[in-house]
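Enquirer: Protein sequences, first through last, are from chains A and B. Each residue of the first sequence is one higher than the one before, starting from 5 at the first, in our numbering. Each residue of the second sequence is one higher than the one before, starting from 3 at the first, in our numbering.
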Amino acid sequence: MKDCLIINDSVAIRTIGRAIIESLSVKVREAANGQDGLSLCRTLMPGVILLDWHMPVMNGPDFLKALHHDAHTDHPAVIVLSEQGQPQHIQNALHAGANEFILKPFDTDIIRSKFEILGFI
Amino acid sequence: MQDSSFNILADLALMQSGQKLDRSQSDMITMHLASLLRRENFQSLDDLVQCLKARPNARFEAEVASNLVTRKTRFFDAPRQLEAIINVIKWKCLETGPQPPLKIWFPGTSTGQDVYSLIIRLLEETLFKRASRKIEIVGTDINEAGLKRAKAGAFSHFEVQTGLSVQRLLENFSPLASRDWVLRERVRKKAKFKIHNLIKDDQSLGRFDIVICRNVLAEMAPEQQKKAVSMIEACLMPEGQIYTAPADHPILDEHAGATATIISNH
Chain A
5 MKDCLIINDS
15 VAIRTIGRAI
25 IESLSVKVRE
35 AANGQDGLSL
45 CRTLMPGVIL
55 LDWHMPVMNG
65 PDFLKALHHD
75 AHTDHPAVIV
85 LSEQGQPQHI
95 QNALHAGANE
105 FILKPFDTDI
115 IRSKFEILGF
125 I
Chain B
3 MQDSSFNILA
13 DLALMQSGQK
23 LDRSQSDMIT
33 MHLASLLRRE
43 NFQSLDDLVQ
53 CLKARPNARF
63 EAEVASNLVT
73 RKTRFFDAPR
83 QLEAIINVIK
93 WKCLETGPQP
103 PLKIWFPGTS
113 TGQDVYSLII
123 RLLEETLFKR
133 ASRKIEIVGT
143 DINEAGLKRA
153 KAGAFSHFEV
163 QTGLSVQRLL
173 ENFSPLASRD
183 WVLRERVRKK
193 AKFKIHNLIK
203 DDQSLGRFDI
213 VICRNVLAEM
223 APEQQKKAVS
233 MIEACLMPEG
243 QIYTAPADHP
253 ILDEHAGATA
263 TIISNH
């Protein structure tokens, strides 16, 4: 089964995200920060990661660096989830290695569309 | 809504736009007419219908009917069909020698995402520059409010995040303070939008090489479908092609003459 890792320090976002993503028949694992996310990736690499940008312990940009350092060849698609929609911020996330970007608030249509664009579903 | 009110709205829709309304669509009707109710200070749909009956007003009737047909459209709704169309445009436009403009028509464009998706792909392929002929793209609809939004090229946070990759968003849009995003001038200036009613208006739009008509006919009543298909056929060049969605394909097949090329896929 396809699986998605949600890395976000907000329980509310993780809960909403899980409900939406599971409704698309995708399995979900959760982590509250980049460090925990990285451990889960080291156990089993997910198909796609929904990544928060600002988090305690390890933030989004540092997680991306560590992930790309870890997985040289086969790293999963990363969608950054953020409430900052300035083009420069989006560009920064893409330069840091994100494949897609979702501007909050989001709904099922947005998640489904981004998964489709990435060829994940 | 009372049955008598529903019947009057259903007759109005049939006459004005050819749309066939079902009693089970009451919620959809309420939703689509909500902003008109607010603007005109009606308490309910029954009030609105009473007013239509008491003071018939052709302009208001047309507005009510056009609000009922608002389709929800999205960017890159049918990506594979779009690529097929891009290939046909390449084939028709990269030949040498002077040629009349290549004309493309989107009937029932609603808020214009289908028109702009094509323009974005044509810009990505630099086809406006490379083509040996001018490429003219027109979207038509009976809904004035939708066309106004299409012309402005401003779309909500939700609209720009369904169908568009983030790279395409950054390449083609600028953010507005309202959190909406607006298409850049270089994209907007390639599109033309016009009010046009498929079952009532004349064929003044001219003749087109490519017609892209998706999910426009299926909601119409049979007689009106026939009228709309004759309109589309009358506006088609002899070698023209009609691209459609699976729901519209059998309707076009049934009513169009044997010479029309109809292509449907997702």
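Using N, Cα and C, we set each Cβ at its ideal position, and we do this for glycine too. Small disclaimer: the values here were computed from a predicted structure and weren't measured.
#1: Could you tell me whether the Cβ atoms of residue 111/B and residue 143/B are closer together than 8 Å?
#2: Judging by CA-CA distance, which residue of 149/B, 52/B, 241/B, 191/B is the nearest neighbour of residue 3/B?
#3: Can you tell me the Cα-Cα spacing of residue 9/B and residue 141/B, whole angstroms?
#4: Going along the segment 148-160 of chain B in order, which residues come within less than 9 Å of chain A, judged by CB to CB distance?
#5: Comparing the C-beta of residue 124/B with each C-beta of chain A, is any distance below 8 Å?
#6: Using Cβ-Cβ distances below 8 Å, what residues of the segment 75-100 of chain A are close to chain B?
#7: Can you list, in chain order, the residues of its chain with a C-beta nearer than 6 Å to that of residue 2/B? Leave out the 5 residues immediately preceding and following it.
#8: Kindly identify the DSSP beta-bridge partner or partners of residue 53/A.
#9: Does the Cβ-Cβ distance between residue 90/B and residue 205/B come in under 8 Å?
#10: Roughly how many angstroms separate the alpha carbons of residue 34/B and residue 65/B, rounded to a whole number?
#11: Looking at the structure shown, is residue 92/B part of a helix, part of a strand, or coil, going by DSSP?
#12: Between residue 29/A and chain B, is the shortest Cβ-Cβ distance under 8 Å, so that the two count as touching?
#13: Quick one: any contact between the segment 48-66 of chain A and the segment 7-16 of chain A, if contact means 3 or more CB pairs under 8 Å?
#14: Take the Cβ of residue 45/B as the centre, count every other Cβ of all protein chains shown within 10 Å, and call the residue buried at 16 or more, exposed below.
#15: So what's residue 150/B in DSSP terms, helix, strand or just coil?
#16: Spell out whether any CB of chain A is found under 8 Å from the CB atom of residue 115/B.
#17: With a Cβ-Cβ cutoff of 8 Å, do residue 109/B and residue 89/A count as a contact?
#18: Counting pairs of Cβ atoms below 8 Å between the segment 148-168 of chain B and the segment 221-235 of chain B, do you hit three or more?
Expert: Concretely, from the data shown:
#1: Contact: yes.
#2: Check the Cα spacing between residue 3/B and each of 149/B, 52/B, 241/B, 191/B: the tightest is with 52/B.
#3: Answer to the nearest angstrom: the Cα atoms are 31 Å apart.
#4: 159, 160
#5: Chain A, which has no Cβ nearer than 8 Å to the Cβ of residue 124/B, makes this no.
#6: 89, 90, 91, 94, 95, 98
#7: Nothing about residue 2/B can be reported from this structure: the residues present for chain B run from 3 to 268 only.
#8: 9/A, 82/A
#9: Contact: no.
#10: 11 Å
#11: helix
#12: no
#13: yes
#14: With fewer than 16 other Cβ atoms within 10 Å, it is exposed.
#15: Looking at residue 150/B - three-state DSSP - the assignment turns out to be helix.
#16: no
#17: no
#18: At 8 Å Cβ cutoff, the stretches do not touch.
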